[in-house]
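Visitor: Submitted below is the structure of interest, expressed as C-alpha cells.
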Amino acid sequence: MNFSWSEEQLALKKKMVEFAQGELNANLEERDRCSDFSRENWLKCCEAGILGLFVPAEYGGLAKDIPTTILAMEGIGYGCRDNGLTLALNGQMWAVQEPILAFGTVDQKKRFLPPLCTGDCIGAHGMTEPDSGSDTFSLKTTAIRSDGGYILNGSKSLIGMAPVCDLVIVFATTNADLGRWGQTAFILQRGTAGFTVSANREKMGLRTVPFGELSFENCFIPEENRLGPEGGALSLFSGTMEWERSFIFASHVGAMARQLDEAVSYARKRKQFGKSIGKFQSVSNRIANMKLRLETAKLLLYQAAWRKQQGKASALEAAMTKLHISEAFLQSSLDSIRIHGGNGYLSANGIERDLRDATGGVIYSGTSDIQRVVIAGMLGV
Ligand SMILES: Cc1cc2nc3c(=O)[nH]c(=O)nc-3n(C[C@H](O)[C@H](O)[C@H](O)COP(=O)(O)OP(=O)(O)OC[C@H]3O[C@@H](n4cnc5c(N)ncnc54)[C@H](O)[C@@H]3O)c2cc1C
153 MNFSWSEEQL ALKKKMVEFA QGELNANLEE RDRCSDFSRE NWLKCCEAGI LGLFVPAEYG
213 GLAKDIPTTI LAMEGIGYGC RDNGLTLALN GQMWAVQEPI LAFGTVDQKK RFLPPLCTGD
273 CIGAHGMTEP DSGSDTFSLK TTAIRSDGGY ILNGSKSLIG MAPVCDLVIV FATTNADLGR
333 WGQTAFILQR GTAGFTVSAN REKMGLRTVP FGELSFENCF IPEENRLGPE GGALSLFSGT
393 MEWERSFIFA SHVGAMARQL DEAVSYARKR KQFGKSIGKF QSVSNRIANM KLRLETAKLL
453 LYQAAWRKQQ GKASALEAAM TKLHISEAFL QSSLDSIRIH GGNGYLSANG IERDLRDATG
513 GVIYSGTSDI QRVVIAGMLG V
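So the sequence shown is numbered by the working numbering: it starts at 153 and just counts up by one.
This is how it looks when you write it as C-alpha cells:
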C-alpha cells in the first residue's frame, strides 16, 4: 500500500477545502435549528463536480480514481461544517450512484447518472422498513410481476433524503419462497402513481439532511427499472454496503481534522490558573487521543480506498472502517466539547452540533453492534 499523495491530488483536496469553507457554511446555525435542507448548497456541490468525482466521463462525471475521490471528500468535510450535507453527498455517491454504476444496464447508467451528477435529480436508498432494521432481509415490501414490469406495495422508513428524492433504489420481495434470494432491487422514480414521500422528520442531529418515509401503493415499475437480476438484491445490497461502509465517513474524517485543529488552537489560547489549559494533562491527553483517533481513522479509510481501487473484496475492512470512524468521530466530538468547556456547550459556537451529528453515525449503514457481528463473522466466530 502506498498512501503518499501526488501534488495534483493534494491540490484537489485544497480546492475542495476552500470551496467548502467559502460556499457551504452560511446560516448553518439557523438551518440546523430549523432542519432546513439547502438545495442551493447541494447545487453548488454539483457544479463543483463533487457528485461526479468517481463517475466515468461518459456518464457526466470527472472519472477520478477512488483514493482521489476519498481525499477530495475528506477536504469537503474539513471545510464544510454541515455534517448533514456531507452525509447526504456521500450517501448518494456510495448508496445510489455506485450501485447504478456497478449493477445498472448501460441504458440505466445513461438515464440516471448524468442528472444525479448535475443535481437535476436527487437519489435515496430505501432498505429500512418499520419492522426490518438491522435484520434487513426480513423486509415486507413486495414487487409482484405484472405485464411489462412489477407492482410494488409496502413502505420504507428512516430514509435519508426521502422527502426531496426524485428517485429511490428500493428493495422488495419478488419471490417469497426463496427468502433473501427472492429479493430484488428497483429504481423507482418520483411521479410514479402510488409513490408518496413523507414530510421531513425532526431528529437529534444531521438536521440539514431531510429524512422520512416512503410509501408504495400499487406502484407500477417497468421492467427496465429493475436494477440487477431478479433475486439479485442480496449481492447488490452487500456490494453496496462495502462501498458505503468504507467511504460514507470520508468527510467525517475531514471534520475530525478540523475539530482537532480547533481544539489545539483553543487549548493554547484559553488560560486558566495563569496558564494555557493545554498545559493541564487532562486536556492534553484528550488532544492526544483525538490525534490518535484521527490518524487511525485515516489509515483505515485510505486502506479501504486502496483495496477498492485494486478491486479487492473488502467486507471485513469496510465494517472495521465504518465502526472505527463513526465511534472515533462520536468520542472526539465529546472530547472537543469538554476541551471548550461551557463554550463548547453553547449552540452558537457550533461545537455541540458535531456531537449530535456524530451520534447518527453509529446507527446508519448498520449499527456498531452489527459491524462487530460482521467482523467477528468474517473471522470465523
Ligand atoms: C441518520 C440516519 C440515516 C439513515 N438513512 C437510511 C437510508 O438512507 N436508507 C435506509 O434504508 N436506512 C437508513 N437509516 C436506517 C438505519 O440503517 C437503521 O436505523 C439501522 O440499520 C438500525 O436499524 P433499526 O433502527 O431498526 O434498529 P434495530 O435493528 O431495531 O436495532 C436496535 C438495537 O438492537 C441492536 N441489534 C439488532 N440486531 C442485533 C444483532 N444481531 N446483534 C447485536 N445487536 C443487534 C442494534 O445494534 C441496536 O442497538 C438511517 C438511520 C439514521 C439514524
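In this text, a Cβ means the ideal position worked out from N, Cα and C, and glycines have one as well. Small disclaimer: the values here were computed from a predicted structure and weren't measured.
May I have a chain-ordered list of the beta strand (DSSP E) segments no shorter than 3 residues that lie completely inside the stretch 320 to 355?
Guide: 335 to 341, 347 to 349
Visitor: Is G391 a contact residue of ligand 1, with contact defined as CB to any heavy atom under 8 angstroms?
Guide: no
Visitor: What do you reckon, is the C-beta of H277 under 8 angstroms from a heavy atom of ligand 1?
Guide: yes
Visitor: For the stretch 295 to 312 against the stretch 484 to 501, do three or more pairs of beta-carbon atoms, one drawn from each stretch, fall closer than 8 angstroms, so that the two count as touching?
Guide: no
Visitor: Can you tell me which residues form a DSSP beta bridge with H277?
Guide: I321
Visitor: Report yes if the C-beta of I252 is less than 8 angstroms from at least one heavy atom of ligand 1; otherwise report no.
Guide: no
Visitor: Would you report the Cα separation of T560 and E394, rounded to the nearest angstrom?
Guide: Since the first and last residues shown for the chain are 153 and 533, residue 560 lies out of range.
Visitor: From L452, D234, M530, pick the residue whose C-alpha is nearest to that of R508; which is it?
Guide: D234
Visitor: Is any heavy atom in ligand 2 found nearer than 8 angstroms to the beta carbon of I228?
Guide: In the structure on display, ligand 2 does not appear, and the ligands it does have are ligand 1.
Visitor: At a threshold of 8 angstroms, does D287 count as lining ligand 1 (C-beta to nearest heavy atom)?
Guide: yes
Visitor: Our contact map puts I564 next to Q260 with C-beta atoms below 8 angstroms; I'd like the distance itself, whole angstroms only.
Guide: For residue 564 there is no data in the structure shown, the boundaries of the chain being 153 and 533.
Visitor: Give me whichever residues DSSP pairs with S284 in a beta bridge.
Guide: Secondary-structure assignment with DSSP links S284 through a beta bridge to E281.
Visitor: By alpha-carbon positions, which one of G204, L291, E281 ends up nearest to C273?
Guide: G204
Visitor: Tell me, please, whether the stretch 430 to 443 touches the stretch 358 to 376 by the rule of three or more beta-carbon pairs shorter than 8 angstroms.
Guide: no
Visitor: Short of 7 angstroms in beta carbon distance, which residues of its chain neighbour P266, apart from the five on each side in sequence? Order them along the chain.
Guide: Y211, G212
Visitor: Taking only the alpha-carbon atoms, compute the straight-line gap between N305 and T392 and give it to the nearest angstrom.
Guide: One C-alpha to the other measures close to 23 angstroms.
Visitor: Could you tell me the alpha carbon to alpha carbon distance between F368 and R353, rounded to whole angstroms?
Guide: Between the alpha carbons of F368 and R353 lies a distance of about 18 angstroms.
Visitor: Does I489 come out as helix, strand or coil in the three-state DSSP assignment?
Guide: Three-state result, I489: helix.
Visitor: By Cβ distance below 7 angstroms, which residues in the same chain neighbour A510 in space, the five residues on each side in sequence not counted?
Guide: F481, L482, S485
Visitor: Is the closest heavy atom of ligand 1 to the C-beta of I311 under 8 angstroms?
Guide: yes
Visitor: What residue from G512, V169, T519, S190 has the CA that sits closest to K355's CA?
Guide: Ranking G512, V169, T519, S190 by Cα distance to K355 puts G512 first.
Visitor: Within the present structure, is the beta-carbon of I522 separated from the nearest heavy atom of ligand 1 by less than 8 angstroms?
Guide: yes
Visitor: What residues in its chain sit with their C-beta under 6 angstroms from that of G430, if we drop five residues either side in the sequence?
Guide: A419, R420, S436
Visitor: What do you reckon, is the C-beta of Y516 under 8 angstroms from a heavy atom of ligand 1?
Guide: If you check the C-beta of Y516 against ligand 1, you find a heavy atom less than 8 angstroms away.
Visitor: Consider the C-beta atom of F363 and the heavy atoms of ligand 1; say whether any pair is separated by less than 8 angstroms.
Guide: yes
Visitor: Are the beta-carbon atoms belonging to I321 and T344 less than 9 angstroms from one another?
Guide: Going by beta carbons, I321 and T344 fall outside the 9 angstroms limit.
Visitor: Can you tell me where the alpha helix (DSSP H) with N305 in it begins and where it stops?
Guide: Looking at the DSSP string, N305 is not in any alpha helix (DSSP H); the run it does join, the beta strand (DSSP E), is 301 to 312.
Visitor: Run through DSSP, which three-state label would R587 get?
Guide: The structure shown has nothing for residue 587, since the chain only spans 153 to 533.
Visitor: Using the Cα positions of E131 and F347, report the straight-line distance between them to the nearest angstrom.
Guide: Residue coverage of the chain in this structure runs from 153 to 533, which leaves residue 131 outside it and unanswerable.
Visitor: If we call anything under 9 angstroms between Cβ atoms a contact, is A209 one with A215?
Guide: yes
Visitor: Are the Cβ atoms of F323 and R378 separated by less than 9 angstroms?
Guide: no
Visitor: Which of the three DSSP states is assigned to N501 in this structure?
Guide: helix
Visitor: To the nearest angstrom, how far is the alpha carbon of S466 from that of R422?
Guide: 44 angstroms
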